[in-house]
Amino acid sequence: MVPQQTVPRDGRLARLVDSDPFNLVIAAVIIFNAVVLGLETFPAVMESYGSTLVLLNNICYGIFVVELILRFASYGRRPQDFFRNGWNIFDLIIIGGVWIPGVRENVTLLRLLRLLRIARLLRFLPDARVLLSTVVRSLPPLGSIVVLTVLILFLYGMVGWAMFGEALPNSWGTITRAMLTLFILLTLENFPTYLEEALTVTPWATVFFVSYVLVAAFVIFNLLIGIIISSMESAREREALREAMDKTGPEADALARIREIKEALETLETDLHLMQRRKDQAGGGSS
């Protein structure tokens, strides 16, 4: 995800680029640009209106350049704060990337940058930003879920190989086949078929499959849902703070100071934890 850090600004230009009408116009231009790009995929349309579509695409690009300049100028005497906003950096890469040597001559990269302009629409959709932030914030905890899932697949795969490997080699003949079968069973697809085949080998197949479904399908999925819900709540809180920080004037200054104090306290708490851990390790080593 593009990191989002809002910097309070003052002035009419800042109020203009942060206003709803301005953002609606830019969002409409992005959608229109997407339609133009879609029309360029039809050979018949390009043959008849190719020059017109190129002109419209250039006009959209010109509007995006003006938008980027206005956003940069809205930071007034603190232009460096422009780069503290992740969306500004994303826009700068997408819009200014065409001027990088080698990109303008590369048709594939040029088309990719033009397509990525459509992704800028996320900037103007708060709910979409929340969903995107949720996905990104869910990635670190998902690592533990992946490790747990692989461990369960391996353990149950070894048991399944021992129980059904000789009789059902196509599904359980090796550990890799067994783990693949169990991975498919995570979605409960063809569960009755696999169970019926296993029951012809041993009546304990019911215990094996039911325990696997309870542990893997239900427990892991519930943990995954819990991580996503927690990440979404955190993303909504950050989005609410971002919207509040978008305000200009004294309120924005106060919110910025509150955020700085909060970040300082979090840093201090982390440092205290590290100091306590080092102290405990030093005490344990001396003993």
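107 is the number of the first residue of the sequence shown in this note's numbering; add one for each residue after it.
All residues carry an ideal CB built from backbone N, CA and C; glycine is no exception.
Asked	Found
Validate contact between the stretch 257 to 268 and the stretch 220 to 230 using beta carbons, cut 8 angstroms, 3 pairs	no
Span of the alpha helix (DSSP H) around residue 117	Taken as a continuous stretch (DSSP letters only), residue 117 belongs to no alpha helix (DSSP H), as it is neither H nor E.
Proximity below 9 angstroms, CB of residue 314 to CB of residue 304	yes
Straight-line Cα distance separating residue 175 from residue 204	16 angstroms
Three CB pairs or more closer than 8 angstroms across the stretch 174 to 188 and the stretch 141 to 152	no
Residue 337, buried or exposed, once every other Cβ within 10 Å from all chains shown has been counted against 16	buried
Limits of the alpha helix (DSSP H) - the one that residue 317 falls within	311 to 318
Separation of residue 281 from residue 275, as counted between CA atoms	10 angstroms
Length at least 4, wholly inside the stretch 178 to 256: the alpha helix (DSSP H) runs in chain order	192 to 202, 213 to 225
CA-to-CA distance, residue 161 to residue 241, given in whole angstroms	37 angstroms
The stretch 262 to 278 in contact with the stretch 291 to 308 per 3-pair CB rule at 8 angstroms	yes
Contact under 9 angstroms by Cβ, residue 244 with residue 333	yes
Other residues of its chain near residue 177: CB distance less than 8 angstroms, five sequence neighbours each side excluded	123, 188, 194, 197
Reference residue 236, options 117, 344, 372, closest by Cα	344
Straight-line gap, residue 366 to residue 246 (C-alpha atoms, nearest Å)	25 angstroms
Outcome for residue 125 when other beta-carbon atoms lying within 10 angstroms are tallied against a minimum of 16	exposed
Per-residue burial, residue 150 [other beta carbons within 10 Å of its own, 16 or more giving buried]	exposed
Contact check, residue 77 vs residue 170, beta carbons under 9 angstroms	Past the boundaries of the shown model lies residue 77; the chain is included only from 107 to 393, so the question cannot be answered.
Residue 74 versus residue 223 - alpha carbon distance	Any question about residue 74 goes unanswered here, given that the chain covers just 107 to 393.
Straight-line Cα distance separating residue 290 from residue 283	11 angstroms
Distance, residue 135 Cα to residue 200 Cα	15 angstroms
Three-state secondary structure assigned by DSSP to residue 274	coil
Three-state secondary structure (DSSP) of residue 299	helix
Cutoff 6 angstroms; reference residue 342; Cβ partners in own chain excluding five residues on either side	236
Pick from 142, 168, 339 that is closest to residue 159, judged by C-alpha positions	142
Cβ-Cβ distance between residue 120 and residue 182 below 9 angstroms	yes
Sequence-distant residues of the same chain with beta carbon closer than 6 angstroms to residue 285, five excluded per side	259, 263
Segment limits, alpha helix (DSSP H) that includes residue 132	126 to 145
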